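Visitor: Going by full-length UniProt numbering, the first residue of the sequence shown is number 517, and it counts up by one from there.
All C-beta atoms in this analysis are idealised placements derived from N, C-alpha and C, irrespective of residue type, glycine included.
Quantities reported herein were computed from a predicted structural model and do not represent experimental measurements.
Mind having a look at this structure? Questions to follow.
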Amino acid sequence: ARKHNGKNGAKLFDPLIASLAQDRLKIDTYIEDGLRQDWFDVHLQPIVDLKLGKVAGFEALMRLNHPEHGVLPPADIIRVAEETGAILKIGERIFEKAVAHLARLSCVPGLENAYLAVNFSPLQFCPKLPAATAATLMQWGIPPGRIVIEITEAVLMHHSPDIRDVLGALSGAGMKIALDDFGTGYSSLSYLVHFPVSIIKIDQAFTRSLTDDSETVRRRVRKLIAGIQMVAKELNCQVVAEGIETDEQLSTLLSMEVNCGQGYFLGRPQPVTDILSGLQIEHRPLLAVPGT
Ligand code: C2E
Ligand code: MG
Ligand code: MG
Ligand code: MG
517 ARKHNGKNGA
527 KLFDPLIASL
537 AQDRLKIDTY
547 IEDGLRQDWF
557 DVHLQPIVDL
567 KLGKVAGFEA
577 LMRLNHPEHG
587 VLPPADIIRV
597 AEETGAILKI
607 GERIFEKAVA
617 HLARLSCVPG
627 LENAYLAVNF
637 SPLQFCPKLP
647 AATAATLMQW
657 GIPPGRIVIE
667 ITEAVLMHHS
677 PDIRDVLGAL
687 SGAGMKIALD
697 DFGTGYSSLS
707 YLVHFPVSII
717 KIDQAFTRSL
727 TDDSETVRRR
737 VRKLIAGIQM
747 VAKELNCQVV
757 AEGIETDEQL
767 STLLSMEVNC
777 GQGYFLGRPQ
787 PVTDILSGLQ
797 IEHRPLLAVP
807 GT
């Protein structure tokens, strides 16, 4: 809806903007209540070594467990939390919970060295972050080498002079930096120049195109992924394919030597308790890849 000016220049009531503002207010209330009452948690999605068919790590994905509205996905929450600044508090909470979950999972045979990938918003890269993360890791006895910080192009667009220093400090402490959603944002390539990136996550849009109806699209995306593989090799980066939903996508990626992946076909994001009980009850290797 467009804004109209009345004859006297005053803005007329715009129902769309009003409802957006109401939504924003509602979400802001969820966030405040969630922080106070501990409704925030993280679900963990396995990141699989496709060659070995073994879990290499987990990505922590924020969830807000609202007692009436159920589990709320992160997109809207993060948008509002970045506006209000609540993302700082939420980010801290998420990191602490995720590291605690990793510590629990580390008791499972085969997961002793699994890594934890955590998404960070640009606003979180303030000078206190390296000390705060180090304290949490110390508390749970997790070495920094098992932590991956996932960033997107939004980080670069923020133009904060701190960000490069903070990322430098985190990577100096041993944490790894992953470039999330690679290939679909603005400045993805210049990140690779300016930040100490060691993992490139190929956006799920590319994985999806591997099984596109059009043969031309399929061929072109394979070429593109081969190109990303070459760049990654030159820069000593690992590649992780996101959004693997089918057997066919998995085998195509494997044939292209993409050795790590994540997606519903390999495992959905789950609460840590479900992961642990799944392991204990079914006595099967966690999410082994079919056919390997
Ligand atoms: P992301 O970091 O790229 O995370 C991957 C998203 O893809 C997740 O959505 C995940 O549930 C979904 N996904 C995984 N496998 C598949 C698949 O096979 N098919 C499809 N269609 N989707 C799949 P989710 O959990 O809704 O998170 C959305 C985004 O929100 C994340 O994208 C990330 O950018 C952001 N986010 C999530 N948790 C946090 C957090 O704790 N902090 C911050 N700052 N951002 C977060
Ligand atoms: Mg991510
Ligand atoms: Mg992603
Ligand atoms: Mg994404």
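(1) Consult DSSP for MET578 and reduce its assignment to one of helix, strand or coil.
(2) Return yes when the C-beta of ASP696 is under 7 Å from any heavy atom of ligand 2, and no when it is not.
(3) Assign PRO787 to one of three DSSP states: helix, strand, or coil.
(4) Flag this pair as touching only if the segment 661 to 674 and the segment 624 to 637 have three or more C-beta atom pairs under 8 Å; answer yes or no.
(5) Tell whether a beta-carbon distance below 8 Å holds between THR789 and GLU764.
(6) Where DSSP assigns a beta bridge to VAL564, which residues make up the other side?
(7) Can you give me the start and stop residues for the beta strand (DSSP E) that LEU632 sits inside?
(8) Does DSSP classify HIS559 as helix, strand or coil?
(9) Please tell me whether, using a cut-off of 7 Å, the distance from the CB of GLU598 to the nearest non-hydrogen atom of ligand 3 is below it.
(10) Counting only C-beta atoms, is ASN629 closer than 8 Å to chain D at any point?
(11) Per DSSP, what kind of secondary structure is LYS692 in: helix, strand or coil?
(12) VAL682 and PRO646 look like a contact to me (Cβ under 8 Å); what is the Cβ gap, rounded to whole Å?
(13) ASP539 to MET746, Cα distance in whole Å?
(14) Closest to GLY688 by CA distance: which of ASP678, LEU740, ALA630, PRO712 is it?
(15) Reducing DSSP to helix, strand and coil, say where VAL596 ends up.
(16) Beta carbon of VAL558, beta carbon of MET578: below 8 Å?
(17) With a threshold of 7 Å (Cβ to nearest heavy atom), would GLN778 be considered close to ligand 1?
(18) Look at PHE698 and THR649 and say whether their C-beta atoms are less than 8 Å apart.
(19) Taking the Cβ atom as the reference point for each residue, do GLU758 and LYS717 lie within a distance shorter than 8 Å?
(20) Going straight from the alpha carbon of ARG552 to that of THR545, what length do you get?
(21) With a threshold of 8 Å, are at least 3 pairs of Cβ atoms found where one atom belongs to the segment 772 to 784 and the other to the segment 561 to 569?
(22) Return yes when at least one heavy atom of ligand 1 lies under 7 Å from the C-beta of ALA689, else no.
(23) If we ignore side chains and look at the alpha-carbon of each, how far apart do CYS623 and LEU536 end up?
(24) Assign PRO583 to one of two classes, buried (16 or more other C-beta atoms within 10 Å of its C-beta) or exposed (fewer than that).
(25) Starting from ILE741, follow its DSSP beta bridges and name the residues at the other end.
(26) When you compare the CB positions of GLU750 and TYR780, do they come within less than 8 Å of one another, or not?
(27) Taking the DSSP output, what are the residues bridged to VAL615?
Guide: Taking the structure as given:
(1) By 1-based counting over the sequence shown, the position of residue 578 is 62. Here MET578 sits in strand by DSSP.
(2) Looking up residue 696 in the sequence shown gives position 180. The answer is yes for ASP696.
(3) Numbered from its first residue, the sequence shown carries residue 787 at position 271. In the structure shown, PRO787 sits in coil (DSSP, three-state: anything other than H, G, I, E or B).
(4) yes
(5) Sequence index remark: in the sequence shown, residue 789 carries index 273 (1-based). Sequence index remark: in the sequence shown, residue 764 carries index 248 (1-based). No, these two residues do not count as a Cβ contact at 8 Å.
(6) By one-based count along the sequence shown, residue 564 stands at place 48. DSSP output for VAL564 lists VAL571, GLY777 as bridge partner(s).
(7) Translated into positions along the sequence shown, residue 632 becomes position 116. LEU632 -> beta strand (DSSP E) spans 631 to 635.
(8) Position 43 of the sequence shown, counted from the first residue, corresponds to residue 559. Note: HIS559 maps to strand in three-state DSSP.
(9) Translated into the one-based positions of the sequence shown, residue 598 becomes position 82. No; taking the cut-off as 7 Å, the Cβ of GLU598 has no heavy atom of ligand 3 nearer than that.
(10) Any reference to chain D falls outside this structure, which holds one protein chain only.
(11) The count along the sequence shown starts at 1 and reaches residue 692 at position 176. DSSP places LYS692 in strand when its eight states are reduced to three.
(12) Mapped onto the sequence shown, residue 682 falls at position 166. Mapped onto the sequence shown, residue 646 falls at position 130. The Cβ separation is near 6 Å, so the contact holds.
(13) On the sequence shown, position 23 is the one that residue 539 refers to. On the sequence shown, position 230 is the one that residue 746 refers to. One C-alpha to the other measures close to 44 Å.
(14) If you number the sequence shown from 1, residue 688 lands on position 172. Checking every option, the nearest Cα to that of GLY688 belongs to PRO712.
(15) Taking the sequence shown and counting its residues from 1, the one referred to as residue 596 is at position 80. VAL596: helix per DSSP, three-state reduction.
(16) Reading the sequence shown from its first residue, position 42 is the one you call residue 558. Reading the sequence shown from its first residue, position 62 is the one you call residue 578. Result yes, Cβ atoms of VAL558 and MET578 sit closer than 8 Å.
(17) Against the sequence shown, residue 778 aligns to sequence position 262. Yes.
(18) In the sequence shown, residue 698 corresponds to position 182, counting from 1. In the sequence shown, residue 649 corresponds to position 133, counting from 1. No.
(19) The count along the sequence shown starts at 1 and reaches residue 758 at position 242. The count along the sequence shown starts at 1 and reaches residue 717 at position 201. The answer is yes: Cβ separation under 8 Å.
(20) By 1-based counting over the sequence shown, the position of residue 552 is 36. By 1-based counting over the sequence shown, the position of residue 545 is 29. Spanning the two alpha carbons is a distance of roughly 11 Å.
(21) Judged by Cβ distances under 8 Å, the segment 772 to 784 makes contact with the segment 561 to 569, as three or more pairs qualify.
(22) Your numbering for residue 689 matches position 173 in the sequence shown. No.
(23) If you number the sequence shown from 1, residue 623 lands on position 107. If you number the sequence shown from 1, residue 536 lands on position 20. Their Cα atoms are separated by approximately 45 Å.
(24) In the sequence shown, the residue the question calls residue 583 occupies position 67. So PRO583 ends up on the exposed side.
(25) By 1-based counting over the sequence shown, the position of residue 741 is 225. For ILE741, which the question treats as bridged, DSSP gives no partner whatsoever.
(26) One-based indexing of the sequence shown puts residue 750 at position 234. One-based indexing of the sequence shown puts residue 780 at position 264. Not in contact: GLU750 and TYR780 (Cβ atoms no closer than 8 Å).
(27) Residue numbering aside, residue 615 sits at position 99 when the sequence shown is read from its first letter. DSSP, once it has assigned bridges, lists no residue as partnering VAL615.
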